[in-house]
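A.B. asks:
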Amino acid sequence: MEGIKNIKIIDVTLRDGGYRVNFNFSDNLINMVVKKLSLAGIDYIEVGYRNGSFKKINNIGKCGLGSDHYIKRVREVSQLAKLVMMYHPRNVDISELERMKDNGIDFLRCCVPIDNPGNSIEYIKESNNLGIKNCVNLTRISQHNINDILLFIEKLKKENVELVYLADSNGSLLPTQISKLVSSVIKNIDIEIGFHPHNDLNLAVANSISALDAGATYFDTSIRGMGKGPGNLQTEYWIAYLMKHGLFKYDLGPILELADYFSENVEKSNLEFSSSDIIAAALNFSADQRKALVGYDYSNFQNKYRELNLVMQRKIYEKSSCHRAYIS
Numbered sequence: 001m002e003g004i005k006n007i008k009i010i011d012v013t014l015r016d017g018g019y020r021v022n023f024n025f026s027d028n029l030i031n032m033v034v035k036k037l038s039l040a041g042i043d044y045i046e047v048g049y050r051n052g053s054f055k056k057i058n059n060i061g062k063c064g065l066g067s068d069h070y071i072k073r074v075r076e077v078s079q080l081a082k083l084v085m086m087y088h089p090r091n092v093d094i095s096e097l098e099r100m101k102d103n104g105i106d107f108l109r110c111c112v113p114i115d116n117p118g119n120s121i122e123y124i125k126e127s128n129n130l131g132i133k134n135c136v137n138l139t140r141i142s143q144h145n146i147n148d149i150l151l152f153i154e155k156l157k158k159e160n161v162e163l164v165y166l167a168d169s170n171g172s173l174l175p176t177q178i179s180k181l182v183s184s185v186i187k188n189i190d191i192e193i194g195f196h197p198h199n200d201l202n203l204a205v206a207n208s209i210s211a212l213d214a215g216a217t218y219f220d221t222s223i224r225g226m227g228k229g230p231g232n233l234q235t236e237y238w239i240a241y242l243m244k245h246g247l248f249k250y251d252l253g254p255i256l257e258l259a260d261y262f263s264e265n266v267e268k269s270n271l272e273f274s275s276s277d278i279i280a281a282a283l284n285f286s287a288d289q290r291k292a293l294v295g296y297d298y299s300n301f302q303n304k305y306r307e308l309n310l311v312m313q314r315k316i317y318e319k320s321s322c323h324r325a326y327i328s
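Written as structure tokens, this is what we have:
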């Protein structure tokens, strides 16, 4: 595991974990998270979304808006922490990138769907012009075949993108698929790879190990795995795993203190697994598609699963520019 010494962690508790509480974390909790993560030596702390997530959320809290005032206040909590903000280009005017940098953001993450990139390249160019660290987060990678992913990353590389995150948004990928995808990108394109796992099939740790072994260097984690749906890779588990392999750059103590505090005081931080989440992940459903599974009749499920799986394969095939429907 030669590459372990190059690993970086982005803790996404305040951003992805925000889905559990409508992004309404208290000021005291935000302060605690930033201080403890900084004390633990976490490389980057993602503090929220700028101007909301991809879909509009009513009564969204401060971590989902990422206002200039909010950024300044979080920056005051720790001058040493490297702060990250995620954004969807359609929600943000390009002039806001410089304001985020000036107010204390060190790292911008631009979410880009492969099949609908819009004007995201212009935002990446502007981030480069501003001299701020940035990356592209490719969402729902499980719904695209490996050739399309490679072609898109090649295009990003030509625009001087140095880091691309692969997001298993649907939580449906397997360790062998992650290994092949990461290996293929690194073999063909000179670019750093990050991995954003979801735990819908209880594979966040296994998938992250596969990504690490294949050469990925950036990993998203959250305290207690708090995140959208069944959650993310747990920061505390990941650091403990890295310690078992001789990497002691992170202090597990403050992380465990945070995990215990969340467990006892933040009810929504406790992981929840529903039958519909498991089925949706097995079928590679997006968050929107899985809504149809609420109250689903599980009788004669085996045959229904085969039928639904064929439908999903056909949809991926039809929107692909290539002839392979799966990363396999």
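So for the sequence shown, UniProt numbering puts the first residue at 1; every next one is plus one. Every residue gets a Cβ at the ideal spot worked out from N, C-alpha and C, and that includes glycine.
1) What three-state label does DSSP hand residue 258 in the structure shown?
2) May I ask you to report which of helix, strand or coil DSSP gives residue 253?
3) Output yes if chain C places a C-beta closer than 7 Å to the C-beta of residue 54; else output no.
4) Start and end of the alpha helix (DSSP H) containing residue 122?
5) Given a threshold of 16 other Cβ atoms within 10 Å of its Cβ, counted over all protein chains shown, does residue 69 qualify as buried or as exposed?
6) If you compare alpha carbons, which of 175, 248, 220 is closest to residue 214?
7) In the DSSP assignment, find the unbroken alpha helix (DSSP H) run with residue 15 in it and report its ends.
8) Would you mind working out which of 162, 143, 161 sits nearest residue 172, comparing C-alpha positions?
9) My understanding is that residue 88 touches residue 111, with C-beta atoms under 8 Å, so please give their C-beta distance in whole angstroms.
10) Where DSSP assigns a beta bridge to residue 20, which residues make up the other side?
11) Work out the CA separation of residue 10 and residue 259 for me, nearest whole Å.
12) Residue 74 lies in the alpha helix (DSSP H); which residues open and close that run?
13) Return the chain-ordered list of same chain residues with a C-beta closer than 6 Å to the C-beta of residue 262, the five sequence neighbours on each side being excluded.
14) Quick one: give me the first and last residue of the beta strand (DSSP E) that residue 236 is part of.
15) My output table needs one value for residue 180: the three-state DSSP class, helix, strand or coil.
16) Could you please give the first and the last residue of the uninterrupted alpha helix (DSSP H) stretch that includes residue 64?
17) Buried or exposed for residue 134, going by 16 or more other Cβ atoms inside 10 Å?
18) With H, G and I counted as helix, E and B as strand and the rest as coil, what does DSSP make of residue 163?
19) Are residue 141 and residue 103 closer than 7 Å when you measure CB to CB?
C.D. replies: Well, looking at it:
1) helix
2) helix
3) No chain C is part of this structure, which consists of one protein chain only.
4) 120-130
5) Looking at its Cβ environment, which holds fewer than 16 other Cβ atoms inside 10 Å, residue 69 is exposed.
6) 175
7) First-last for residue 15: undefined, no H or E at that position.
8) 143
9) Indeed, because the Cβ distance is near 5 Å, the residues count as touching under 8 Å.
10) Answer is none; residue 20 lacks a bridge partner.
11) CA-to-CA, the gap between residue 259 and residue 10 works out to about 16 Å.
12) 68-77
13) 223, 224, 269
14) Run containing residue 236: none in the beta strand (DSSP E); it sits in the alpha helix (DSSP H), 235-244.
15) It is helical.
16) 62-65
17) The residue in question, residue 134, is buried, as its Cβ has 16 or more Cβ neighbours within 10 Å.
18) strand
19) Cβ atoms of residue 141 and residue 103: not closer than 7 Å.
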